[in-house]
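Going by the numbering used here, the first residue of the sequence shown is number 254, and it counts up by one from there.
Just so it is clear, CB atoms sit at the ideal spot from N, CA and C, and this is done for glycine as well.
Below: one structure, written as structure tokens.
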Amino acid sequence: PLATGISSTSPTSRFKIPIAKQPTSEGFRRFPMVASGATVLKPIRVTMDAMDNHPLHPVDDLARILSYQDAIDESASVHEVASEMYAMSCWTPEFCAALIRAADLVGGYTSHESDPVPGQEISLVAISPSLFEAVQNDMGMRIWPQLQRHWPLIDYHGINDAFIIRYEVGGQEELRIHHDVAQVSASVKLNSDYLGAELQFPRQEFSNAEMPVGSLIAWPSLVTHPHLSAPITSGVKYSLTMWFELPLSPQ
254 PLATGISSTS PTSRFKIPIA KQPTSEGFRR FPMVASGATV LKPIRVTMDA
304 MDNHPLHPVD DLARILSYQD AIDESASVHE VASEMYAMSC WTPEFCAALI
354 RAADLVGGYT SHESDPVPGQ EISLVAISPS LFEAVQNDMG MRIWPQLQRH
404 WPLIDYHGIN DAFIIRYEVG GQEELRIHHD VAQVSASVKL NSDYLGAELQ
454 FPRQEFSNAE MPVGSLIAWP SLVTHPHLSA PITSGVKYSL TMWFELPLSP
504 Q
């Protein structure tokens, strides 16, 4: 029943170009490599005036995006929400809103030719390489140990990619059922002012409709947890997807 409308030859696995590892004094810094012929996003210089600096926001957007300030929310610890699916608080609503504004300011939402289940998305690397690095470190030090309480054999090998998908009527309206090619997948809910577009897991009979903004859910990427984004009916939905590296030996 889960594969209704999908032929046996239709690819249902999402994957990305491998990560390029650049040595630094602290180890390796990971950035997605660009395939030949792919669109290359040029760095954009963002000024303080271009970002939101509202007097009601004591921490401005640049500080949130470039320094990871006001990002972490630890109000809810890891808990099971469905079979082999775990949720926890991850980011503050203020950080999520700043991330949305930064993504829209940078622009460049696009689908990738190599992705069999394409979405209109932008990688965190395109917004800020330092943001990607901060998120990767935070996931490894804060989120991964919580997941290891339930999956003790998983090892942290970094993030293959972290990207924002935008859904809107007339644009990317939905995402068909699929599973991911990763060790663990995770999704962070960035906003809630829209209708429809729930992240659904039919086998687990779960959706993220009632989850608060800033919460993270994680699940095993392959085979057991196919998922989809239902059609959006109004508003604009933003969500962040993270694919955690498989424990593969370095070449």
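Following the continuous alpha helix (DSSP H) through Leu315, name the residue where it begins and the one where it ends.
-> 314-320
Give the straight-line distance between the Cα atoms of Val331 and Ile417, rounded to the nearest whole angstrom.
-> 23 Å
Inside the region 326-362 only - beta strand (DSSP E) runs reaching at least 3 residues = 332-335, 338-342
Expressed to the nearest angstrom, what Euclidean distance is found between the alpha-carbon atoms of Ala462 and Ile470?
-> 12 Å
Taking only runs of the alpha helix (DSSP H) that begin and end inside the region 388-444, which ones reach a length of at least 4 residues, in chain order?
-> 397-401
Ser487 to Ser445, Cα distance in whole Å?
-> 11 Å
State the CB to CB distance for the pair Pro473 and Glu347, rounded to an integer number of angstroms; the pair is presumed to be in contact (CB under 8 Å).
-> That pair is no contact at about 31 Å.
Report yes if the CB atom of Ile375 is closer than 8 Å to the CB atom of Trp344, and no otherwise.
-> no
Return the first residue and the last residue of the beta strand (DSSP E) that Leu452 is part of.
-> 452-454
Among residues of its own chain, excluding the 5 on either side of Tyr420, which ones have a beta-carbon nearer than 6 Å to its beta-carbon?
-> Ala450, Ile485, Lys490
If you check the beta carbons only, do His478 and Ile430 fall under 8 Å apart?
-> no
Rounded Cβ spacing between Ala350 and Phe385 (contact assumed at less than 8 Å) = Contact flag wrong, Cβ pair sits at about 19 Å.
If you run the structure through DSSP and keep just helix, strand and coil, what is Glu386?
-> helix
Thinking Met392 and Ile412 are a contact (beta carbons under 8 Å), I'd like their distance in whole angstroms, please.
-> 6 Å
Heavy atom of the ligand NAP less than 7 Å from the Cβ of Leu469, yes or no?
-> With respect to the ligand NAP, the structure offers nothing, as it holds no ligand at all.
With a 10 Å radius around its C-beta and 16 neighbouring C-beta atoms as the bar for buried, classify Glu498 as buried or exposed.
-> buried
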